[in-house]
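> In the working numbering, the protein residues as written are 1 to 115. Positions of the beta carbon are idealized from the N, C-alpha and C atoms, including for glycine.
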Amino acid sequence: MEKAGIIAGPSEPTFEEKHRIKLHLPLPEAEFLRILDTLKLKYRVFAERGTDVPIPSFWHAETLKYPPNPDNIQKVYQIIGEIDHAQQSREKYRAYVDRNGLVVYLENTYAYSGL
């Protein structure tokens with residue numbers, strides 16, 4: 001499913017749907033991190049331009065009418081949420097921050113095990 005740069009797989013909820021909030025991307029990085037703190041979600045810098053860890057490719061951006069430019073991405077956060085024992089999955093997302101300090105893309109990267 002797609003909504004303003006917020007992507008999930010076809011049968012998975014978006015970040016907004018899962019957490020029942022409305023995000024209006026692009027969103028300043030600091031404001032986005034405050035939202036994550038309010039939701040009590042764990043997050044970490046997953047990759048940052050200029051370090052040994054490359055910026056990961058977008059998984060679902062090809063479905064967007066106006067996908068973000070990968071050359072403008074400076075940082076990626078990994079967001080880790082709940083474990084769903086019934087679905088044998090863990091809620092995970094990646095948030096991409098551009099050179100202006102704006103979160104411009106948020107995708108679902110749920111981790112599945114035992115399927």
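In the DSSP assignment, find the beta strand (DSSP E) that holds Arg44 and state where it starts and stops.
Lys42 to Glu48 is the span of the beta strand (DSSP E), which, as asked, contains Arg44.
> Starting from Leu36, trace the alpha helix (DSSP H) both ways and give me its first and last residue.
That run of the alpha helix (DSSP H) goes Glu29 to Thr38.
> Following the continuous alpha helix (DSSP H) through Glu16, name the residue where it begins and the one where it ends.
Phe15 to His19
> In the DSSP assignment, the beta strand (DSSP E) including Leu106 goes from what residue to what residue?
Leu102 to Asn108
> What residue from Gly81, Arg99, Arg44 and Tyr96 has the CA that sits closest to Lys18's CA?
Gly81
> Following a CB-centred definition, is Gln74 positioned closer than 6 Å to any heavy atom of the ligand FMN?
Only the bare structure without any ligand can be found here, which leaves the ligand FMN out of the picture.
> Per DSSP, Val97 forms a beta bridge with which residues?
Bridge partners of Val97: Lys75 and Val103.
> According to the Cβ coordinates, are Asn116 and Tyr96 closer than 7 Å?
Past the boundaries of the shown model lies residue 116; the chain is included only from 1 to 115, so the question cannot be answered.
> Mark Lys22 as exposed unless 16 or more other C-beta atoms lie within 10 angstroms of its C-beta, in which case mark it buried.
Its Cβ having fewer than 16 others within 10 Å, Lys22 is exposed.
> Bridge partners of Ile80, per DSSP?
Lys42 and Lys92.
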